[in-house]
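Participant:
Residue numbers (our numbering): 6 to 255.
1) Which complete alpha helix (DSSP H) runs does the region 28-72 hold, if anything under 4 residues is left out?
2) Does DSSP put residue 139 in a helix, a strand or coil?
3) Whose C-beta lies closer than 7 Å to the C-beta of residue 183 among residues of the same chain, with five residues either side of it excluded?
4) Quick check: the Cα distance between residue 141 and residue 106, rounded to an integer number of angstroms?
5) Keeping to the same chain, check which residues put their C-beta closer than 7 Å to that of residue 10; ignore five residues upstream and five downstream.
6) Report buried or exposed for residue 52, applying the criterion of at least 16 other Cβ atoms within 10 angstroms of its Cβ.
7) One question on the structure: do residue 66 and residue 20 come within less than 8 Å of each other, judged by their Cβ atoms?
8) With DSSP collapsed to three states, give me the class of residue 207.
9) Return the CA-CA distance between residue 74 and residue 46, expressed in angstroms with no decimal places.
10) Hey, out of 42, 122, 167 and 173, whose CA is closest to residue 232's CA?
11) What are the complete alpha helix (DSSP H) segments, minimum 4 residues, inside the region 86-146?
12) Can you tell which of 163, 240, 85 and 57 has its C-alpha closest to the C-alpha of residue 174?
13) Between which two residues does the beta strand (DSSP E) holding residue 228 run?
14) Just mark residue 34 as buried or exposed, buried being the case when its beta carbon has 16 or more other beta carbons within 10 Å.
15) Quick one: grab the DSSP three-state call for residue 173.
16) Is the region 208-216 in contact with the region 182-199, if contact means three or more CB pairs nearer than 8 Å?
17) Where residue 114 and residue 133 are concerned, what is the direct C-alpha to C-alpha distance, given to the nearest angstrom?
18) Excluding the 5 residues preceding and the 5 following residue 7 in the sequence, name in chain order all residues of the same chain whose CB lies nearer than 6 Å to its CB.
19) Along the chain, where does the alpha helix (DSSP H) that runs through residue 185 open and close?
20) Along the chain, where does the alpha helix (DSSP H) containing residue 253 start, and where does it finish?
21) Would you please state the rounded distance, in angstroms, between the beta carbons of residue 224 and residue 29? I believe it to be under 8 Å.
22) Any contact of the region 229-249 with the region 76-85, i.e. 3+ C-beta pairs under 8 Å?
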């Protein structure tokens, strides 16, 4: 499995974020190397999703700096540039119901990247095949299971040929029997060397794929460690409690 190459691809420095009076992120410092796989975990409301939403500027930050591949997200031009390089997969699949799977995957490459229809369709078929769902290309989202729709959402993000993929709890809206097919797709991406940041409760996936686990609570990063150390000897009491609760449920 490919590890980071030593080039900082994403840097968050002293990032603070508020929603009204509520401080969602507190002094976040995070560096992600090219090719690195990061899993962010922690209790609900700890700021995990907010971190990755800030990385592609779905949420602006009030203090601190975020750079992606050398581009500063505080500039408007930077936001557009970064969004082209950053793929995002959400809890809900956000597919357009009135478009076929193929059309869902070709829309952004044609509009944003300037691909021809043929280029975009060739690319879409390649990535739909990559997530093992090519045979569904002419169907509409409602004809697919939740797991299939989430794999389409991953393929759609890959069609933009991003340099990094962000996953925001991509399996939490799925029925248990569909979780594995989505995680298998993500494991395949990781093995291909894709830079990935995943917010997830799937600790088996974290153990298998992550180069580093980031544990958050109350808007802070409380612990950062390789998976084997994090799972064997978590240092922070909150991390110990969190892992204890997860193990009790499995």
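For every residue, glycine included, the Cβ atom is placed at its ideal position computed from N, Cα and C.
Facilitator: To lay it out plainly:
1) 53-60
2) Along the chain shown, one-based indexing puts residue 139 at 134. Helix at residue 139.
3) Locating residue 183 in the chain shown gives position 178, counting from the first residue. These residues qualify, in order along the chain: 150, 151 and 152.
4) Here residue 141 is taken as the residue at index 136 of the chain shown, counted from 1. Here residue 106 is taken as the residue at index 101 of the chain shown, counted from 1. Using only the alpha carbons, I get a separation of about 7 Å.
5) For the purposes of this step, residue 10 is taken as the residue at position 5 of the chain shown. Confidence at residue 10 is low in this model, with a pLDDT of 48, below 50, so its placement is unreliable and the value that follows should be read with caution. Excluding sequence neighbours, residue 10 sits near 38, 39 and 40.
6) Residue 52 sits at position 47 when you count from the first residue of the chain shown. With 16 or more other Cβ atoms within 10 Å, it is buried.
7) Translated into the one-based positions of the chain shown, residue 66 becomes position 61. Translated into the one-based positions of the chain shown, residue 20 becomes position 15. In contact: residue 66 and residue 20 (Cβ atoms closer than 8 Å).
8) Taking the first residue of the chain shown as position 1, residue 207 is located at position 202. The answer is coil: DSSP assigns residue 207 none of H, G, I, E or B.
9) Residue 74 sits at position 69 when you count from the first residue of the chain shown. Residue 46 sits at position 41 when you count from the first residue of the chain shown. Looking at the two C-alpha atoms, the distance is approximately 24 Å.
10) Walking along the chain shown from the start, residue 232 turns up at place 227. For the residues 42, 122, 167 and 173, the minimum Cα distance to residue 232 belongs to 42.
11) 106-116 and 122-135
12) Residue 174 sits at position 169 when you count from the first residue of the chain shown. The candidate whose alpha carbon is nearest that of residue 174 is 57.
13) Here residue 228 corresponds to residue number 223 of the chain shown, with the count starting at 1. Where residue 228 is concerned, the enclosing beta strand (DSSP E) stretches over 225-230.
14) One-based indexing of the chain shown puts residue 34 at position 29. Exposed.
15) Stepping through the chain shown from its first residue, residue 173 is reached at position 168. If DSSP states are grouped into helix, strand and coil, residue 173 belongs with the strands.
16) yes
17) As a first step, residue 114 is located in the chain shown; it is residue number 109 there, counting from the start. As a first step, residue 133 is located in the chain shown; it is residue number 128 there, counting from the start. Between residue 114 and residue 133, the C-alpha separation is close to 14 Å.
18) Within the chain shown, residue 7 is the residue found at index 2, counting from 1. Confidence at residue 7 is low in this model, with a pLDDT of 41, below 50, so its placement is unreliable and no value can be given for it.
19) If you number the chain shown from 1, residue 185 lands on position 180. Taken as a continuous stretch (DSSP letters only), the alpha helix (DSSP H) holding residue 185 covers 181-196.
20) Within the chain shown, residue 253 is the residue found at index 248, counting from 1. Where residue 253 is concerned, the enclosing alpha helix (DSSP H) stretches over 242-254.
21) Taking the first residue of the chain shown as position 1, residue 224 is located at position 219. Taking the first residue of the chain shown as position 1, residue 29 is located at position 24. At roughly 5 Å, the Cβ-Cβ gap stays under 8 Å, so residue 224 and residue 29 are in contact.
22) Contact fails: fewer than three Cβ-Cβ distances are below 8 Å.
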